[in-house]
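Peer 1: Chains as they are written, first to last, in UniProt numbering: chain Y, 1 to 478; chain W, 1 to 316.
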């Protein structure tokens, strides 16, 4: 790339003003944690300390749930059209502040600005717009003539799409008349706190949205609190299991959106160039920190060589580095802990006999948490890297000979969140999609999202659906 | 002159049926995916030093073009002067690659460019419709070459292509290839009339098999000319063709490329699709008439920090 090396094109940090410390957002105002505990949040790309946030304990969880309970009465009594006004206002504020929020998200999470700017922010706003539209039409949603809200929702979200997951959770809850206590992930709390400010800016009544920062113990307190009527969780299968145990036998309703090990199936008549793009987008989007990432490539044996050559050539052009550079394709791994897990599983892949390949052109920054985009060939179903969720930029390549074998291998996983099919033959798309046990099946594309499209899993990928009309159900007594 | 069909693919042009099998056996193109990829590459942010390099590279790749019924020798001479010295006040500005004119203007251009390294390109073969008998097209080509054209831009018979007579198109290109003699042959696919991306990929391969030195998006005379997706597709085709045969073919998007921003997007496509090997006027050209002035204004802006305005570049 010597002839045409792209000069650095960093997005300005000046558009976002990060305070040195943040409190908890309870009952419409920021306040310190009852026990005055705090913890720092860092930029994973530089390990620079960005701010410190309050660590919510049991007393704070209780205060937040009480505030949400108090707000629930008047909020749920509002006509749907009135609630919609607030949601529309929030959606517009997200759009107006999208540049600021995109930079913030890239700083705190490590994801490339290109993705936070072009995916996270437009999608987050779209979710609020979409559910604003439902708020006054709930009786036409197919859940009876007068569906009622559930009450107070306790929501725990992950670090991979902090603001977008917040939107997925908060928008349908508010549209249906519930109030919310939300806990963002420990490593990415900032955009939720900026969202709290947006709620104030939108004039949202006190207590309707409460944000508690903290770690897993805060989440556990929230989930176990008796004042919660509904728990919504997105994150790891392991934590999901613990939550299910806590909630079992109570009156609480539960939806879980957990891990995945999606198969991306490429048949020999696929549009090769676009399939390569889809594979890259499927596994390297957001550094592979995507629960529906296409982490298992199932390629028909007859085109294996051609496809892998094309894929490697394409991977050589991926630009890894500063998340705020507008030309960066792959940013930083979110935390040291996650990086260690990716390294451990990649080492296991090598030990089990799979062939590890990384682009020669890839130079990683010396500071921060980084992992080069990685391809494993000759992976077998029995390898750990074909079974366990890596949650990083690591693709395992397996092969198949017939459509039946492709379906059998694709379904042979404890997970079932998403899958992809690449073929020019429409009838094959329909017949294979029908046999795949996955919540979302993409055909000739991957990682496409829309607020109107329900999302959720089978098996260890969880239960319940978010997005679309189906996403309303979890927040309504139907 | 290069061999018409590379040895590795010699038998695919043996008959209409074999050619059809080959062209229809190429991987399909998914419209949504192709357009999404082109749009993503279009968001690359090319700044400061990279932008300065890109502007000069783009200038050096221009086929500065006038293809009007109203062209006069005076108009052509003035365009030649502009191409040879785009920036009167700054000799460090590169020259364009070629001046592209109708065949009857080739001798004028040739004379005006004597002593410069600029090439003269001529559109021949009953440009732009291509609706003439083969002997007429060949005569048109020989005329242009006899007048001194270094490069011939031919149009394919879209009617024959769309009705599936691939071998006819193939034979016509090989005939023109022969008539063009030493001149470089650029084959214009007229993507806007081929209408589907699958057709554009097939036409690209057909032209390359028939001995094209360059494949070119369009005549600039129809409503859809060069676009990022169709150029991306053609770059994929030349990349794959080199991998299959060892022969490198150039690409020329033409028509509708007017701004520096657009030109840079094309360079990004080249860089990230075919690869840096194509980033030279030998392998990539921009067919344009008004693009040069915008590039020059942006060049001045980078040099001085201020926008100058249209009176600080020449009107030709």
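The beta carbon of each residue, even a glycine, is placed where N, CA and C say it ideally should be.
Does any residue of chain Y have a CB that is nearer than 9 Å to the CB of residue 282/W?
Peer 2: In the second chain, residue 282/W corresponds to position 282, counting from 1. Chain Y contact via Cβ: absent.
Peer 1: Kindly indicate if chain W contains any beta-carbon less than 9 Å away from that of residue 1/Y.
Peer 2: Counting from 1 along the first chain, the entry for residue 1/Y is found at position 1. The pLDDT assigned to residue 1/Y is 39, lower than 50, so where the model puts this residue is not dependable, and the model offers no usable value.
Peer 1: Could you list which residues in chain Y have their beta carbon closer than 7 Å to that of residue 30/W, in chain order?
Peer 2: Along the second chain, one-based indexing puts residue 30/W at 30. Ordered by position in chain Y, the residues that pass the 7 Å Cβ test against residue 30/W are 271, 274 and 444.
Peer 1: In the DSSP assignment, find the alpha helix (DSSP H) that holds residue 160/Y and state where it starts and stops.
Peer 2: What you label residue 160/Y is simply residue 160 of the first chain in a count that begins at 1. Where residue 160/Y is concerned, there is no enclosing alpha helix (DSSP H), given that its DSSP letter is neither H nor E.
Peer 1: Exposed or buried, what is residue 218/Y when buried is set at 16 or more other beta-carbons lying within 10 Å of its beta-carbon?
Peer 2: Here the question's residue 218/Y lines up with position 218 in the first chain. Classification for residue 218/Y: buried.
Peer 1: Check this for me: beta carbons of residue 106/Y and residue 393/Y, under 9 Å apart or not?
Peer 2: Working through the first chain from its first residue, we reach residue 106/Y at position 106. Working through the first chain from its first residue, we reach residue 393/Y at position 393. Not a contact, by the Cβ cut-off of 9 Å.
Peer 1: Three-state secondary structure (DSSP) at residue 186/W?
Peer 2: Counting from 1 along the second chain, the entry for residue 186/W is found at position 186. The answer is strand: DSSP assigns residue 186/W an E or B state.
Peer 1: Can you tell me the Cα-Cα spacing of residue 198/Y and residue 276/W, whole angstroms?
Peer 2: Numbered from 1 along the first chain, position 198 holds the residue referred to as residue 198/Y. Numbered from 1 along the second chain, position 276 holds the residue referred to as residue 276/W. Computed Cα separation, rounded: 46 Å.
Peer 1: Against chain Y, does residue 271/W count as a neighbour if the rule is that its beta carbon must be under 9 Å from one of theirs?
Peer 2: Here residue 271/W corresponds to residue number 271 of the second chain, with the count starting at 1. Closer than 9 Å: yes.
Peer 1: Does the structure place the stretch 2-15 of chain Y close enough to the stretch 34-41 of chain Y that three or more beta carbon pairs sit under 8 Å?
Peer 2: No: fewer than three Cβ pairs fall under 8 Å.
Peer 1: For residue 438/Y, which residues does DSSP report across the bridge?
Peer 2: Residue 438/Y sits at position 438 when you count from the first residue of the first chain. For residue 438/Y, which the question treats as bridged, DSSP gives no partner whatsoever.
Peer 1: Identify, in the order they occur along the chain, each residue of the same chain with its Cβ nearer than 7 Å to the Cβ of residue 225/W, setting aside the five sequence neighbours on each side.
Peer 2: Stepping through the second chain from its first residue, residue 225/W is reached at position 225. Closer than 7 Å at Cβ, skipping near neighbours: 192, 217, 218, 254, 255 and 256.
Peer 1: Round the Cβ separation of residue 466/Y and residue 455/Y to the nearest angstrom and send it over; I've been treating them as touching at under 8 Å.
Peer 2: The count along the first chain starts at 1 and reaches residue 466/Y at position 466. The count along the first chain starts at 1 and reaches residue 455/Y at position 455. That pair is a contact at about 5 Å.
Peer 1: Could you pull out every residue in the same chain whose Cβ sits closer than 7 Å to the Cβ of residue 272/W, ignoring the five residues on either side in sequence?
Peer 2: To locate residue 272/W, count along the second chain from 1; it is residue 272. Here the set comprises 41.
Peer 1: Runs of 4 residues minimum, wholly inside the stretch 21-78 of chain W: which ones carry the alpha helix (DSSP H) assignment?
Peer 2: Segments of the alpha helix (DSSP H) lying fully in the stretch 21-78 of chain W: 31-41 and 48-60.
Peer 1: Quick one: does residue 512/Y have its CB under 9 Å from some CB of chain W?
Peer 2: Here chain Y covers residues 1 to 478 and nothing more, so residue 512/Y does not appear.
Peer 1: Checking the sheet assignment: what are the DSSP bridge partners for residue 287/Y?
Peer 2: By 1-based counting over the first chain, the position of residue 287/Y is 287. Residue 287/Y is not bridged to any residue.
Peer 1: Any C-beta of chain Y sitting closer than 9 Å to the C-beta of residue 36/W?
Peer 2: Sequence index remark: in the second chain, residue 36/W carries index 36 (1-based). True, the Cβ-Cβ gap to chain Y drops below 9 Å.
Peer 1: Which term fits residue 141/W, buried or exposed, when burial requires 16 or more other beta carbons within 10 angstroms of its beta carbon?
Peer 2: The residue given as residue 141/W occupies position 141 in the second chain. So residue 141/W counts as buried.
Peer 1: Using only alpha-carbon positions, find the residue among 56/W, 248/W and 243/W that is nearest to residue 292/W.
Peer 2: As a working mapping, residue 292/W is identified with position 292 in the second chain. Comparing Cα positions, the closest option is 56/W.
Peer 1: Could you work out which residues of chain Y lie near residue 322/W, taking near to mean beta carbons separated by less than 7 Å?
Peer 2: In the structure displayed, chain W extends from 1 to 316; residue 322/W sits before or after that span and is not available.
Peer 1: Strictly under 9 Å for the Cβ-Cβ distance: is residue 13/Y near chain W by that measure?
Peer 2: Here the question's residue 13/Y lines up with position 13 in the first chain. No, residue 13/Y lies away from the interface with chain W (no Cβ there is under 9 Å from its Cβ).
Peer 1: Which residue marks the beginning of the alpha helix (DSSP H) containing residue 143/W, and which one marks its end?
Peer 2: The residue given as residue 143/W occupies position 143 in the second chain. It spans 134-146 - the alpha helix (DSSP H) in which residue 143/W sits, taken as one unbroken run.
Peer 1: Looking only at C-alpha atoms, which of 307/W, 147/W, 296/W and 228/W sits nearest to residue 54/W?
Peer 2: In the second chain, residue 54/W corresponds to position 54, counting from 1. The shortest C-alpha separation from residue 54/W is found at 296/W.
Peer 1: What is the C-beta distance between residue 187/W and residue 161/W, in whole angstroms, given that I count them as a contact (C-beta under 8 Å)?
Peer 2: Start at 1 with the first residue of the second chain, and residue 187/W comes out as number 187. Start at 1 with the first residue of the second chain, and residue 161/W comes out as number 161. Actually they do not touch by this definition, with Cβ atoms about 12 Å apart.
Peer 1: Please work out which residues of its chain come closer than 7 Å, Cβ to Cβ, to residue 183/W, disregarding the five sequence neighbours upstream and downstream, and give them in chain order.
Peer 2: Reading the second chain from its first residue, position 183 is the one you call residue 183/W. 145, 149, 150, 151 and 152, listed in sequence order.
Peer 1: Would you be able to state if there are at least three C-beta pairs under 8 Å between the stretch 126-135 of chain Y and the stretch 339-356 of chain Y?
Peer 2: In short, these stretches do not touch, since the Cβ pair count stays below three.
Peer 1: Going straight from the alpha carbon of residue 159/W to that of residue 190/W, what length do you get?
Peer 2: Along the second chain, one-based indexing puts residue 159/W at 159. Along the second chain, one-based indexing puts residue 190/W at 190. Taking the straight line from one Cα to the other gives about 11 Å.
Peer 1: Expressed to the nearest angstrom, what Euclidean distance is found between the alpha-carbon atoms of residue 2/W and residue 239/W?
Peer 2: For the purposes of this step, residue 2/W is taken as the residue at position 2 of the second chain. For the purposes of this step, residue 239/W is taken as the residue at position 239 of the second chain. Any reading at residue 2/W must be qualified, since the residue scores a pLDDT of 46, below 50, and its modelled position is unreliable; the value itself is stated next. Roughly 18 Å between the two C-alpha positions.
Peer 1: Nearest-angstrom Cα distance between residue 293/Y and residue 260/Y?
Peer 2: Translated into the one-based positions of the first chain, residue 293/Y becomes position 293. Translated into the one-based positions of the first chain, residue 260/Y becomes position 260. Spanning the two alpha carbons is a distance of roughly 7 Å.
Peer 1: Taking its Cβ as the centre, do 16 or more other Cβ atoms sit within 10 Å of residue 265/W, making it buried, or is it exposed?
Peer 2: The sequence position of residue 265/W within the second chain is 265, counting from 1. Classification of residue 265/W: buried, given that the 10 Å Cβ count is 16 or more.
Peer 1: For the stretch 11-22 of chain W against the stretch 160-175 of chain W, are there 3 or more C-beta pairs whose distance is under 8 Å?
Peer 2: Verdict: yes, contact present.
Peer 1: Applying the 10 Å Cβ sphere with the 16-neighbour rule, what's the burial state of residue 307/W?
Peer 2: Here residue 307/W refers to the residue found at position 307 of the second chain. Exposed, since its Cβ has fewer than 16 Cβ neighbours within 10 Å.
Peer 1: So residue 328/Y is in the alpha helix (DSSP H); what residue range does that whole segment cover?
Peer 2: Here residue 328/Y refers to the residue found at position 328 when the first chain is read from its first residue. That residue, residue 328/Y, is in no alpha helix (DSSP H); it is neither H nor E in DSSP.
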